[in-house]
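Notes for the one structure printed next.
2 protein chains.
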Amino acid sequence: MLRVSTRGEYGVRLMVDLARHYGGTPRSLSEISQSEGLELKVQYLEQLVRALREHGLVESTRGAHGGYRLSRPPEEMRMSEILRALEGPIAPMICATEGEMEVICDRLDGCSTKFLWAHVRDAITAALDAVTLADVLRANERERSERAPNGSRLIPLSPRLSKSSALNTAGH
Amino acid sequence: MLRVSTRGEYGVRLMVDLARHYGGTPRSLSEISQSEGLELKVQYLEQLVRALREHGLVESTRGAHGGYRLSRPPEEMRMSEILRALEGPIAPMICATEGEMEVICDRLDGCSTKFLWAHVRDAITAALDAVTLADVLRANERERSERAPNGSRLIPLSPRLSKSSALNTAGH
DNA sequence: GTATATCCGAGTGAATCAGTCGGAATAGGC
DNA sequence: GCCTATTCCGACTGATTCACTCGGATATAC
């Protein structure tokens, strides 16, 4: 339950790639898809990056050698913004969408569980506000470097996946 | 994004109703559906309550005057259990399901955003662990009594919906 | 002008959601 | 023993959403 769609997953990976190359030349979708393991889905990425651009999170240059870049440094991008751009407002229930929720929920006897959903929503937004794109990039770099560089990909990842993960340095 | 389905919504309402009548005679689904404003969906409720029973949260008695009751007092039921029973494990991404997540996610280059989803998942479970069925019932009773008893349903609910809601007494 | 990109609207097959349907089993009241 | 109220159970279905795909237009470097 409470799933994020592949839109969110791919979109975040795309942003991580842009963060990794922040400051350089624009990255094309085909470059991104290769280095993030999304080879087959370039056409789909187009759709996602559109939403990110429309929300002002990335800027594009067209034509040959064109591509995308972050419109702000990764440290100044909260994951909440990114996911909102990709998937719309955080709303565990229709009656608990961000912003005004009274309007919709005046129906019936007022959605007896309103408070619960608002509580969940606030927890999610807080969690996503506390993490920046730079944090996710850092965690990702760490994981990459821990994997042996000479192609021995067989190291089990289990021991490092506990609650004391890299993201706990994000200060929440 | 991050939606809870109507399964979760109706199922929680059902549980709130059972909590309100805890200690009395078993409640039939038709009674529940009437008092919770779910008149048309009795057949659907059947399906939901099944999941709740199979997870040991409610007990049933069959035949005439039969129905359902909570198998534990509302104070001892966390909303996390209830929602898990209704909607399955809390997993914002396939690679961040509760319990073991390494197995599935060993594919590709190891899901660069794993940490983020785990972080979100933990925030959600913490939020749902902090609230008991009794808390939701209490918040609901309060709302009911605040609505004028003589049918003047027109009072706007807005001022009381801020972050300092009743659920903040749950101690998180 | 050609190759490489982004841009844009529309379409589509598969999966999930939100129920519905038909009937079997169980228990209380007469 | 029958009738009624109820839970139990598996299967079915229409609508919606998801996860893409397609075809083409537009812009820019060389």
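Same order as they appear, the protein sequences are chains A and B.
Start counting the first sequence at 171; every next residue gets the next number (the working numbering).
Start counting the second sequence at 171; every next residue gets the next number (the working numbering).
Glycine included, every Cβ here is placed at the ideal spot set by N, Cα and C.
Predicted model, so just to flag it, every value in this text is computed and none were measured.
- For residue 249 of chain B, which of B:172, B:178 and B:171 has the nearest alpha-carbon? B:178
- Query: Which whole-angstrom value describes the C-beta separation of residue 294 of chain A and residue 266 of chain B, a residue pair presumed to lie in contact below a C-beta threshold of 8 Å?
  - Reply: Going by Cβ atoms, the distance from residue 294 of chain A to residue 266 of chain B rounds to 13 Å, so no, they are not a contact pair.
- Message: Under 7 Å, Cβ to Cβ, is there at least one residue of chain B near residue 283 of chain A?
- Response: yes
- Could you say if the segment 224 to 240 of chain A and the segment 195 to 212 of chain A meet the contact criterion of at least three C-beta pairs nearer than 8 Å? yes
- Identity of the residues DSSP links to residue 237 of chain B by a beta bridge: B:231
- Output yes if chain B places a C-beta closer than 7 Å to the C-beta of residue 257 of chain A; else output no. yes
- Query: Using a Cβ-Cβ distance under 7 Å, would residue 244 of chain B count as near chain A?
  - Reply: no
- Please classify residue 267 of chain A: does DSSP put it in a helix, a strand, or coil? coil
- Message: So the candidates are B:263, B:182 and B:227; which of them puts its Cα closest to the Cα of residue 208 of chain B?
- Response: B:182
- Query: Name the chain B residues whose beta carbon is nearer than 7 Å to that of residue 294 of chain A?
  - Reply: 172, 290, 293 and 294
- Message: So for residue 197 of chain B, helix, strand or coil by DSSP?
- Response: strand
- If I'm right that residue 174 of chain B touches residue 257 of chain B with Cβ under 8 Å, what's the distance once you round it to whole angstroms? 7 Å
- Taking Cβ-Cβ distances below 7 Å as the criterion, which residues of the segment 303 to 314 of chain B are in contact with chain A? 306, 309, 310 and 313
- Task: Return yes when the Cβ of residue 268 of chain A is within less than 7 Å of the Cβ of residue 259 of chain A, no when it is not.
- Result: yes
- Item | Straight-line gap, residue 231 of chain B to residue 223 of chain B (C-alpha atoms, nearest Å) | 11 Å
- Task: Run the proximity test for residue 232 of chain B: is its beta-carbon closer than 6 Å to any non-hydrogen atom belonging to the ligand PLP?
- Result: Questions concerning the ligand PLP fall outside what the structure shown contains, since it holds no ligand whatsoever.
- Item | Beta-carbon contacts of residue 212 of chain A that lie in its chain and below 8 Å, excluding the five residues immediately before and after | 199, 200 and 203
- Taking Cβ positions, are residue 307 of chain A and residue 186 of chain A nearer each other than 7 Å? yes
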